[in-house]
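Enquirer: Counting from 5, one number per residue, gives the positions in the sequence shown under my numbering. Pasting a structure below so you can have a look.
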Amino acid sequence: MRISTSQFYESTSATYQNNFSSVVKTQTQIDSGVRIQSAGDDPAGAAQLLLLQQQKDMLGQYSTNMNTIKASLNNQESILDSINTALQTAKNLTIQAGGIISDADRASIANEIGGIEEQVFSLLNSKDADGNYMFSGSKTSTPPYARNNDGTYTYQGDDIQLNLKVSDTITMAGSDTARSFLESSPNTGRTQATLLPPAVNDGKVSITAGTVTSTAVYDQGFTAGQPYTLTFTSSTQFTLTDGTGKDITSEIAGNGTFDSTKEGAHSVNLRGVQFDIGMDFSGAEDTVAQDALAKDKVFTLEAKPDSFNVSRTPSNASTAQLTSASIADAKKYSDSFPGSGAVIKFTSDTEYQVFAQPVSANSKPLAEGTMTGTSVTAAGVKFDFSEAPKAGDQFVVNADNHKNQSALDTLSEIRKALLVPTDNDPVAKLKQRDAISATIGNLSNASEHVDKARGSIGSRLNAVDIQADANTSMGLANDTTMSAIGNTDMASASVDLAFQKAMLEASQLAFVKIAQLSLFNQL
């Protein structure tokens, strides 16, 4: 077969270029230490490297997330520790106030508690390094708590924790909502004792409002049997009946006999609630006079009825105020009044609609009707107004069932209670004593919930550390695999380079010799 000169040069040039490219490629692999320079070098290996690189990038993001979670949780733990210290201090001051007989001294303690109230309020509204509120849930631009005009506090956040992924299968919360550890504290002061007429409350015979000692027993037993009626038969004995009239005196330790002069011997422990009996025998020194003082005094023991916080929208056309709200139909109230609160909108000067909060363009009214005089009855609640509203007026109503109470409201209430003068006023002293007892229990419950939140933070910090170690191990394994697939085997590459160089030199020599072959060389 005859080979033309052009074919020869093209074939030889291509061989030379291939050999030269192989030398350059192998030399580059040796110099860079990277075997796969492009997907064409090893398609299967390149695909594996791509997956491993994606995993490496995810591990880097998980590491960033874990650092963010740790920073956030450490900040929260520090703030909760400060809150708990403040609550313990307030509790000690409240206990101290219970043993003080001077109005001035109690007012001084009230001022100290007021300072603690401001401190806790400020701590709960703390921001992180990015300027986001830490305890508002997903509403990071909204302060968790706002102070109302009546001195109470409203939680403005939500219940959504901010979660970040720390592995392919694990998501971890980097925040806690104030509702979860402050709003859920059981209220120990959710009961009341009422002296029935015709007796006059002069403080001679008294029963405290009661302190819930066991929430579970209270929920299962006390509420089912209320209202209870306690009737004194003498200065040392009483009978007790439940709401159906059944005598349950035998359920009480002592079977209706008590000694008001001995500590612990005048407590009525009734289905998860402790009521204390008080007797003021001044002016009645003999037994006959004391018995006459107590005999036939009747008290009802029951849960406090739901109360309502009401407010008007500042832009209302009228000056009407929603002065009071009371339950008119207990069943209808229980079935239909929204737990999130209600909004009353007046569509005319007399017609109204009631919506559940929050109200949107698609909200449908729960109730509607026409105003009767200056009152509105809807969802089982009667609302009284100071005057007739105007079309467009809006009023917001929130119900409080007293089941839970935030530490902020507890601090506010005890501060106000300690400022009330009680010298020479036995009825006021009893109310103040009830407030002190409820505060001690509520602050204990609040501290317990804060401690639980701190425990949860500690467990999550430990979990982050464990997962960080696991991710580090996974990252090392990832690097090892990537190195095995993508890095150059120097020994093998060196042998390949030597062989390729020899091939290149051979192709060069062959080209030179063959290029000199010509008929002219034979003449």
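Glycine residues also receive a C-beta, built at the ideal position from the N, C-alpha and C atoms. Just so it is clear, the structure is predicted and the values come from calculations on it, not from any experiment.
Tell me which residues share the same chain as ILE281 and place their Cβ nearer than 7 Å to its Cβ, disregarding the 5 neighbours each side in the sequence.
Expert: For ILE281, where only same-chain residues beyond five positions count, the Cβ hits under 7 Å are ILE211, PHE262, SER264, HIS270, VAL272.
Enquirer: Considering only the beta carbon of each residue, do VAL314 and GLN398 sit closer than 8 Å?
Expert: Taking 8 Å as the Cβ cut-off, VAL314 and GLN398 do not qualify as a contacting pair.
Enquirer: Cα-Cα, which of VAL209, SER441, VAL363, LYS420 is closest to PRO430?
Expert: When only C-alpha atoms are compared, the closest one is VAL209.
Enquirer: Excluding the 5 residues preceding and the 5 following LYS169 in the sequence, name in chain order all residues of the same chain whose CB lies nearer than 7 Å to its CB.
Expert: Excluding sequence neighbours, LYS169 sits near TYR66, ASN69, THR175.
Enquirer: Provide the residue span of the beta strand (DSSP E) that contains SER112, from first to last.
Expert: Where SER112 is concerned, there is no enclosing beta strand (DSSP E), although the alpha helix (DSSP H) it sits in stretches over 107-128.
Enquirer: Taking one C-beta from the segment 71-85 and one from the segment 132-139 each time, how about it: are there three or more such pairs within less than 8 Å?
Expert: In short, these stretches touch, since the Cβ pair count reaches three.
Enquirer: In the DSSP output, what is ILE444 paired with across the bridge?
Expert: Answer is none; ILE444 lacks a bridge partner.
Enquirer: Hey, would you say SER239 sits closer than 8 Å to LEU297, going by beta carbons?
Expert: The answer is yes: Cβ separation under 8 Å.
Enquirer: At which residues does the alpha helix (DSSP H) containing LYS349 begin and terminate?
Expert: Counting along the chain, LYS349 falls outside any alpha helix (DSSP H), though it belongs to the beta strand (DSSP E) covering 346-350.
Enquirer: Please check the pair SER218 and GLY276, which I expect to be a contact at CB under 8 Å, by giving their CB distance rounded to whole angstroms.
Expert: Right, their Cβ atoms sit about 4 Å apart.
Enquirer: Let me check one thing: in DSSP terms, what residues is GLU81 bridge-paired to?
Expert: Answer is none; GLU81 lacks a bridge partner.
Enquirer: At the level of alpha carbons, what is the spacing between ALA329 and TYR157?
Expert: Rounded to the nearest angstrom, the two C-alpha atoms are 19 Å apart.
Enquirer: Am I right that LEU166 and PHE226 are in contact with their C-beta atoms under 8 Å? What's the rounded C-beta distance?
Expert: That belief does not hold up - the Cβ atoms of LEU166 and PHE226 are roughly 39 Å apart, past 8 Å.
Enquirer: Let me know the secondary structure DSSP gives ASN167 once reduced to three states.
Expert: Correct three-state label for ASN167: strand.
Enquirer: So, are the CB atoms of LEU412 and VAL124 less than 8 Å apart?
Expert: Contact flag set, yes.
Enquirer: For GLY282, list the residues DSSP reports as bridge partners.
Expert: BP columns for GLY282 point to SER210.
Enquirer: When we look at the beta-carbon of GLU355 and count the other beta-carbons within 10 Å, is it buried (16 or more) or exposed?
Expert: So GLU355 ends up on the exposed side.
Enquirer: On the premise that GLN196 lies in contact with GLU306, defined as a C-beta separation below 8 Å, what is that separation, rounded to the nearest angstrom?
Expert: Their Cβ separation, rounded to whole angstroms, is 6 Å, which keeps GLU306 and GLN196 in contact under 8 Å.
Enquirer: Among residues of its own chain, excluding the 5 on either side of ALA395, which ones have a beta-carbon nearer than 8 Å to its beta-carbon?
Expert: Result list for ALA395: ALA321, PHE350, THR351, SER352, ASP353, in chain order.
Enquirer: Closest by CA to GLY373, which one among ALA257, ALA382, GLN409?
Expert: Answer by Cα proximity: ALA382.
Enquirer: Pairing CB atoms from the segment 147-163 with CB atoms from the segment 95-111, are three or more of them under 8 Å?
Expert: Contact fails: fewer than three Cβ-Cβ distances are below 8 Å.
Enquirer: Quick check: the segment 466-473 against the segment 247-256, are there 3 or more CB pairs under 8 Å?
Expert: With the cut-off at 8 Å, the segment 466-473 and the segment 247-256 do not touch.
Enquirer: If ALA213 and ASP404 are in contact, beta carbons under 8 Å, what's the gap, nearest whole angstrom?
Expert: Between ASP404 and ALA213 the Cβ distance is about 16 Å, and since that is not below 8 Å, they are no contact.
Enquirer: Looking at the strands, I want to know which residues DSSP matches up with THR381.
Expert: In DSSP, THR381 forms a bridge with LYS386.
Enquirer: By the three-class DSSP mapping on this structure, what secondary structure does ASN402 have?
Expert: In the structure shown, ASN402 sits in a strand (DSSP, three-state: E or B).
Enquirer: Would you mind sorting ILE541 into buried or exposed? The rule is 16 or more other CB atoms within 10 Å of its CB.
Expert: The displayed coordinates of the chain run from 5 to 527. Any statement about residue 541 would go beyond what the structure contains.
Enquirer: On a Cα-Cα basis, can you pick out the residue from SER145, GLU121, TYR149, GLN59 that is closest to ASP132?
Expert: Minimum Cα distance to ASP132 is reached at SER145.
Enquirer: Applying the 10 Å Cβ sphere with the 16-neighbour rule, what's the burial state of ALA150?
Expert: With fewer than 16 Cβ atoms within 10 Å of its Cβ, ALA150 is classed as exposed.
Enquirer: To the nearest angstrom, how far is it from the Cα of ILE87 to the Cα of LEU480?
Expert: The straight-line gap from Cα to Cα measures roughly 42 Å.
Enquirer: Output needed for GLN357: all residues of its chain with C-beta closer than 7 Å, excluding positions within five of it in sequence on either side, in chain order.
Expert: So the list reads LYS349, THR351, PRO369, GLU372, once near-sequence residues are dropped.
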